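Top line first, the protein sequences correspond to chains S and C. Just so you know, this note's numbering puts 1071 at position 207 of the first sequence, and the rest follows in order with no gaps. Just so you know, this note's numbering puts 1274 at position 151 of the second sequence, and the rest follows in order with no gaps. Don't be surprised by glycine CBs; every beta carbon is placed ideally from N, CA and C. This one's a predicted model, so the numbers in the text were calculated from it and none came from an experiment. Reading through the structure tokens given below for one structure.
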Amino acid sequence: MDCYIVCNMFPPLVSDVVRAPGLRAQQLAQQAELEFDRVRYVMMKSRYDMLTKSHTVCHGLRSHPDFIVVHDSYLHLFVARLEPSVFVFTQLEMDAFFKQAQKRHYVVYDMLASKTLELRCGNAKPNQVEIFEERQQRFIEQADRVLVNAEKLQELEAEILGRHRDEVINNPFCPVPPKTDGDTPARDHILFFSAAQPWTNNAAFLRAMADYLSDRPDLPAYFMTSLKSHENPESISISRLQQMPNVRQMSALSYPAHQVVLARCMAAMDWSAVNDERRYSTSTRLIQAVGSGAALFGNADTGLDNYWGGYPGANTETEPDTQVLGDFIDKAASGAYAGDLRRAADWNKAVLNDRKIFGGIQ
Amino acid sequence: MSCVIVGPSEQAGQLGLPDTTEITPPEAFSGATRYMTRVVVIGPRLLNDKDFELINRVPAVLVLTNATDILHVEMHIRAGRLHLTPHDALLLVDMSGPASFTAPWIHPLLLTSTDLAGFISQQAAQPLHPVPAGFEDLPKATMTQVATQMRKLSLVQFDPVLGTSPACRSLTGVVCNMANTMMAEVESLPPDVICTEPDQAEAQLAAHPGCRALICPVIIRADLPVEAINCTVTTATQVPVNLMRVVPGPRLPQGRMLACLIYEIG
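And the structure:
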């Protein structure tokens, strides 16, 4: 039996611009390879065009025989001509594809995040929220198997999951670890982030980081942020941090470069005020960092609470101060989290080799 | 041939430059800049946005005296007001470290203080750093025009890691926005983009197989058209290579033209 992972973002197999859905697709493909004869990624042409319509000269894409682009007009033929296979959908945007596939194939719906919650936090129009609520309900009702990203997401969507709730399989987000060759660099840097979403606020964290790093010129730190406008509450701290001799600011890196930077870091830090969305969300930045072996500093009371059999680092619900940050960094530098990180690595490995995700599909 | 020196006299004295204590009346200074063929700026943080229009026209040495200077130069580069070419150089004085971590982009254009006297007494404009063969006689204005065109482009969707061949190292500021670019060599990162002469493309791609884009600064001539250069590059690798854009510069004497060829690999 073949398995097709339906992508709405490019997986690392073909692109250097990798976001959470692309990493999730790679994870699902790795898990599916344990069960199926052949696993391929498939993307609709309209989606491909949208992603490559950016104003950049190069798209960082490469061809691969396991990455298929299907023209929307021929979707019905593509689906009809295949032997019964498994189609995995991770995004509600793939509604048309879902409708075609579920007619004669086994369909898996993988809920990576609550789309409707994100839309509400992003002040989307009510009718847009309604559209996705309806789709979510239909995907859950009609899918042969439903996967969720975290137990907290399962709690949040308990009502929608309804009678399927007991059949839902928890499949935590776990990127495939990068292949390492050559010497392992010393982990003597830290990496920290500003807010990524409009509804997250890292101002208090960045203020504390600026205070802390101004007293630690010996500690090299990568700071991943775009430059923000004056009105943004984070901008003052970003300006302060940008002027420090031990801080390297960057906006975003390609996937291979990001992996190299992570391999140099003893710790990755990202804290934002907990709101409705944070409480149930997981963090791709931090999950990737753990996968590469860096200790974490983040929020308590988020979707990551049930990950790794315990947080490999420190987390807090209250605004961090320099004392809290200093204690964490000192412990990370001394290797105090090594045991937690080993446990997290084993936990990740178990997730990637979990055969119940796609087991039993005939 | 006149060299204008801008900056405080104490620091000029430390660098062995003529005394700048005498304050030139603004109208006389303005007149002097009309005949200026090169400029030394001590403390570029003191310059305003308009000054960079002048600096982009003539070879310049920017003397960076503290971290604020670096931040200001970075800000002007980021905003597209300042283009640094092989005719320009950066000189660090009174600074504790080489700023290789926070500002690795300064490295391709660093100058030692002993070279400053040579720059001031230069009789003809010539690059201060190694350049590819055939680029020696290109004036700064030509390179700046190409840099302006290149800056209008967005090469990739992220901050690229740029690798260069040794001869193209000093062209970093011409082919990309240095303030948003990671320097592969200085920062020990795998390059996403490589800037190289076409005949070095094969060696560079073999050394960096993960690279996804190639920038080839070339001088197109009647006996070396784009098609011939394209053949050299496309045969340099086993994977598909697509010429995405040709960024033309101004026409040069003898039917030549400076251009940047941008390829996507894979």
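The three-state secondary structure of Asp-1238/C, taken from DSSP, is helix. The alpha-carbon of Arg-1002/S is positioned some 40 Å away from that of Asp-1204/S. Counting along the chain, Glu-1031/S sits inside no beta strand (DSSP E), nor does DSSP assign it H or E at all. In this structure, Cys-1126/C sits near Phe-1242/C, with a CB-CB distance shorter than 9 Å. Membership of Gln-1152/S in the alpha helix (DSSP H) is indicated by the continuous run 1148-1156.
The bridge partners DSSP lists for Asn-1365/C are Glu-1387/C. Using a Cβ-Cβ cut-off of 8 Å, Asn-1110/S is close to Phe-1224 and Thr-1225 of chain C, given in chain order. Around Asp-1282/C, the beta-carbon contacts reaching into chain S at under 7 Å are Met-1114, Ser-1115, Ala-1116 and Leu-1117.
Taking CB atoms only, Ala-1121/S has a neighbour in chain C less than 9 Å away. Within chain S, the residues placing a beta-carbon under 8 Å from that of Asp-1315/C are Asp-880, Gly-924, Ser-1118, Pro-1120 and Ala-1121, ordered along the chain.
Checking the DSSP bridge columns, you'll see Ala-1382/C partnered with Val-1341/C and Pro-1371/C.
Asp-974/S: member of the beta strand (DSSP E) spanning 970-975, first to last residue.
A direct Cα-to-Cα measurement between Thr-1064/S and Asn-1303/C gives close to 24 Å. A direct Cα-Cα distance of roughly 47 Å separates Ala-1074/S from Glu-1031/S. Within chain C, the residues whose beta carbon sits less than 9 Å from that of His-919/S are Leu-1276 and Ser-1277, listed in sequence order.
Looking at Glu-1098/S, Met-1114/S and Glu-1095/S, the one whose alpha-carbon comes closest to that of Phe-1087/S is Met-1114/S.
Closer than 8 Å at the C-beta level to chain S, one finds these residues of the stretch 1163-1190 of chain C: Ala-1190.
Sorting Pro-1250/C, Pro-1255/C, Asp-1346/C and Ile-1178/C by C-alpha distance to the C-alpha of Thr-1287/C places Pro-1255/C at the top. Bridge pairing for Phe-1161/S: Met-1133/S and Ala-1178/S [DSSP]. Close to Ser-1156/S, with beta-carbon spacing below 7 Å, lies no residue of chain C; the smallest spacing is near 15 Å. In this structure, Asp-930/S sits away from Pro-1120/S, with a CB-CB distance that is not shorter than 9 Å. Phe-1175/C and Arg-1157/C do not touch by the CB rule: their CB atoms are close to 17 Å apart, not below 8 Å. Leaving aside the five residues that flank Arg-1344/C on each side, the residues in its chain whose CB is nearer than 6 Å to its CB run, in chain order, Arg-1379. Proximity of chain C to Pro-1042/S at the Cβ level (cut-off 9 Å) is not reached, the minimal Cβ distance being about 12 Å. Pairing Thr-1319/C with Gly-1026/S, the inter-Cα distance amounts to about 60 Å. Ranking Phe-1222/S, Pro-1081/S and Arg-1071/S by CA distance to the CA of Ile-1100/S puts Arg-1071/S first. Taken in chain order, the members of the stretch 1062-1093 of chain S whose beta-carbon sits within less than 7 Å of a beta-carbon on chain C are Pro-1084.
Every alpha helix (DSSP H) stretch that sits fully inside the stretch 936-963 of chain S and reaches 4 residues is listed by chain position as 939-945.
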